[in-house]
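Engineer:
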Amino acid sequence: MKLTRLLTILTLFLSQMAFADNGLIKVYSQFDAATTAERLEAALTAKGMTIFTRVPHSESAKKVGFPLNSSELFIFGNPKVGSPLMVCNIETGIDLPHKALIYQDNKGLVWLAYNDPDYIAKRHNVSGCEKPIAKMKQALAAFAKHATKAQ
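For the sequence shown, the positions run -20 to -1, 1 to 131 when mature numbering (1 follows the signal peptide of the UniProt record, and there is no 0) is used.
1. Can you tell me where the alpha helix (DSSP H) with K102 in it begins and where it stops?
2. Hey, E52 and A93: beta-carbon distance below 9 Å or not?
3. Using a Cβ-Cβ cut-off of 6 Å (strictly less than) and excluding sequence neighbours within five positions of I82, which residues of its own chain qualify?
4. What is the DSSP secondary structure of I(-12), reduced to helix, strand or coil?
5. Can you give me the Cβ contacts of E21 inside the same chain, cut-off strictly under 7 Å, excluding the 5 residues immediately before and after it?
6. Measuring straight from C-alpha to C-alpha, what distance separates D98 and G57?
See the structure below:
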């Protein structure tokens, strides 16, 4: 009984968790990795983002004999979103288009991770570009929320 209550509390806590570490924002997903990926694709497509590719890291690793938890990288973008930041500093292009990694950790939890736009701006000494950064932050957070949380 106590264990069930503890697990319920932990699940509720984790379901609200999103944190930045080393320039990454990590959001716990309430869904398995495949469902999270489907939901991310739907959110990106609905908002006019181009999905340039999906890299199935775990499938590729399995083909060469490496066991890897579920892991898939999305590379996506829209020039209306990324270009204003590149106008501020062309070198931000190394971090664009955007990337999102959906993965299952060793505890079986599924996460969606993406680069924090504030970190990208800091990395490239971008100043005076607060509006495009704020738009990126808002869009990425919305995509992550749609992919990881029941609506």
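We put the CB at the ideal spot given by N, CA and C, even for glycine.
Structural biologist: Once the coordinates are examined:
1. The residue you call residue 102 lines up with position 122 of the sequence shown. Counted as a single uninterrupted DSSP element, the alpha helix (DSSP H) harbouring K102 occupies residues 97 to 103.
2. The count along the sequence shown starts at 1 and reaches residue 52 at position 72. The count along the sequence shown starts at 1 and reaches residue 93 at position 113. No.
3. Counting from 1 along the sequence shown, the entry for residue 82 is found at position 102. Around I82: A13, T16, A17, E52, L92.
4. Mapped onto the sequence shown, residue -12 falls at position 9. Legend: pLDDT at I(-12) = 46, less than 50; position of this residue unreliable, value from coordinates given subsequently. Helix at I(-12).
5. The sequence position of residue 21 within the sequence shown is 41, counting from 1. Hits under 7 Å: I31.
6. Here residue 98 is taken as the residue at index 118 of the sequence shown, counted from 1. Here residue 57 is taken as the residue at index 77 of the sequence shown, counted from 1. Roughly 17 Å between the two C-alpha positions.
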